[in-house]
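Here the structure is laid out as structure tokens; the discussion comes afterwards.
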Amino acid sequence: IYPYVQLFVIAVFIAFAFFALNRSQKAEQNKLWVGLSKETAHQLGTPISSLVAWTEYLKLKKVDPSLITEIEKDLDRLQSIAERFSKIGSVSDLKKVALQEPIQKTVGYLRNRLSDKVEIVFEFPSHPAFVLLNESLFGWVIENLTKNAADAMSGQGMITFSITEKEKNYLLDITDTGKGIPKSKFKRVFQPGFTTKERGWGLGLSLSKRIVEMYHHGKIFVKRSEADKGTTFRIVMKKSAN
11 IYPYVQLFVI
21 AVFIAFAFFA
31 LNRSQKAEQN
41 KLWVGLSKET
51 AHQLGTPISS
61 LVAWTEYLKL
71 KKVDPSLITE
81 IEKDLDRLQS
91 IAERFSKIGS
101 VSDLKKVALQ
111 EPIQKTVGYL
121 RNRLSDKVEI
131 VFEFPSHPAF
141 VLLNESLFGW
151 VIENLTKNAA
161 DAMSGQGMIT
171 FSITEKEKNY
181 LLDITDTGKG
191 IPKSKFKRVF
201 QPGFTTKERG
211 WGLGLSLSKR
221 IVEMYHHGKI
231 FVKRSEADKG
241 TTFRIVMKKS
251 AN
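Per this note's numbering, residue 11 is the first one in the sequence shown, and the count goes up by one each step.
Right, dumping it as structure tokens:
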């Protein structure tokens, strides 16, 4: 009996050591994410300020106002991105928001920056779908998923945003008519560095997962996908108490 007890004790210690090492590695990864995010926000600050100054200079030179308006929109977007990076690792600032609002706001900005052959469809309930959100961070998630959908369709097809209710949750489905994702890669797409694009770091979906699950205590996953027919990503968010 003694050898079996000894083996059991050794197995327990090995399992505990593995668990502790895994937790330690994840903690170090989180520290790295936070450090890189805050440094990125800091580095973006100076060029953004310079670009704002150049915009004011262009106004004095009587440049086409419509061009300046578009530049200002992009600058606002850059400032929003810097703000998002600076919030990574900080305490979540969640407010009661209708889920429809950040979706329409983000997609509205992207609309003029996507191909004219991309059709956007909203299937929303008639009433506000109230959830607790950090609009800036959640807008980042919507932006990533929208851009990925457009890329998957090679700039031609339909992206549908659908909100439904199920018990205590709101379900947001984002569906494209693109090339699809193999079932074997459903979970891998959320891993840092995973990408099918020639350019990019493969961080968008990984960051999106962290924002949805760590900051908002929701869920995000690939609901369904079929080759050459499209993919649906689902985000599950708890309803906000009235």
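Virtual Cβ for every residue (Gly too), placed ideally from N, Cα, C.
This one's a predicted model, so the numbers in the text were calculated from it and none came from an experiment.
**Item:** Other residues of its chain near Asp-161: CB distance less than 6 Å, five sequence neighbours each side excluded
**Value:** Cβ within range, chain order: n/a, list empty.
**Message:** Let me make sure I understand the geometry here. Which of Phe-243, Lys-195, Lys-157 and Gly-228 has the alpha-carbon closest to that of Arg-234?
**Reply:** The residue from Phe-243, Lys-195, Lys-157 and Gly-228 with its alpha-carbon nearest to that of Arg-234 is Phe-243.
**Request:** For Ile-191, collect the residues of the same chain with a Cβ closer than 7 Å to its Cβ; drop the 5 residues on either side in sequence, then sort them by chain order.
**Result:** Apart from the 5 residues on each side of it in sequence, Ile-191 sits with its Cβ closer than 7 Å to the Cβ of Val-199, Val-232, Ser-235 and Thr-241 in its chain, given in chain order.
**Asked** In chain order, which continuous runs of the alpha helix (DSSP H) of length 4 or greater are located wholly inside the stretch 76-162?
**Response** Within the stretch 76-162, the complete alpha helix (DSSP H) runs of at least 4 residues fall at 110-121 and 145-162.
**Asked** For Ser-218, which of helix, strand or coil comes out of DSSP?
**Response** Three-state DSSP puts Ser-218 in a helix.
**Request:** Taking 8 Å as the cut-off, decide whether the C-beta atoms of Lys-178 and Leu-142 are in contact.
**Result:** Not closer than 8 Å, so no.
**Message:** Report the CB separation of Val-128 from Gly-165 in whole angstroms; it is logged as a contact under 8 Å.
**Reply:** With 8 Å as the limit, Val-128 and Gly-165 qualify as a contact, their Cβ atoms being about 6 Å apart.
**Prompt:** When we look at the beta-carbon of His-226 and count the other beta-carbons within 10 Å, is it buried (16 or more) or exposed?
**Reply:** Buried is the call here.
**Asked** Going by Cα to Cα distance, which pick from Lys-157, Asp-186, Ile-152 and Val-151 is closest to Gly-167?
**Response** The alpha carbon of Gly-167 has as its nearest neighbour, out of Lys-157, Asp-186, Ile-152 and Val-151, the alpha carbon of Asp-186.
**Length of the line joining the Cα atoms of Val-107 and Glu-145** = Going by the C-alpha atoms only, they are around 8 Å apart.
**Prompt:** Are the CB atoms of Pro-135 and Ile-173 nearer to each other than 8 Å?
**Reply:** Judged by beta-carbon spacing, Ile-173 lies within the 8 Å limit of Pro-135, meaning their Cβ atoms are closer than that value.
**Item:** Beta carbon of Glu-153 nearer than 8 Å to that of Leu-120
**Value:** With a cutoff of 8 Å on beta-carbon distance, Glu-153 and Leu-120 are scored as near each other.
**Asked** If you draw a straight line from the alpha carbon of Pro-202 to that of Leu-215, how long is it in whole angstroms?
**Response** Take the alpha-carbon of Pro-202 and the one of Leu-215: they are about 8 Å apart.
**Request:** Can you give me the start and stop residues for the beta strand (DSSP E) that Val-274 sits inside?
**Result:** Lying before the first or after the last residue shown, residue 274 is absent from the chain, which here runs from 11 to 252.
**Item:** Gly-188 to Asp-74 span [Cα, whole Å]
**Value:** Distance between Gly-188 and Asp-74, taken at the CA atoms: about 37 Å.
**Prompt:** Just how far apart, CA to CA, sit Asp-126 and Lys-157?
**Reply:** For Asp-126 and Lys-157, the distance between alpha carbons rounds to 14 Å.
**Request:** State yes or no: is the C-beta of Ser-250 within less than 8 Å of the C-beta of Phe-140?
**Result:** In this structure, Phe-140 lies closer than 8 Å to Ser-250 by Cβ.
**Message:** Using the three-state DSSP reduction, which class does Phe-253 fall into: helix, strand or coil?
**Reply:** What is shown of the chain runs 11 to 252, which leaves residue 253 out entirely.
**Asked** DSSP puts Lys-71 in a beta bridge; with which residues?
**Response** Within the DSSP secondary-structure output, Lys-71 pairs in no beta bridge.
**Item:** C-alpha distance - Leu-70 paired with Trp-64, whole-angstrom precision
**Value:** Their Cα atoms are separated by approximately 10 Å.
**Request:** Figure out for me which residue from Gly-228, Ile-130, Pro-112 and Ile-245 has the closest Cα to the Cα of Leu-181.
**Result:** Closest by C-alpha distance to Leu-181, out of Gly-228, Ile-130, Pro-112 and Ile-245, is Ile-245.
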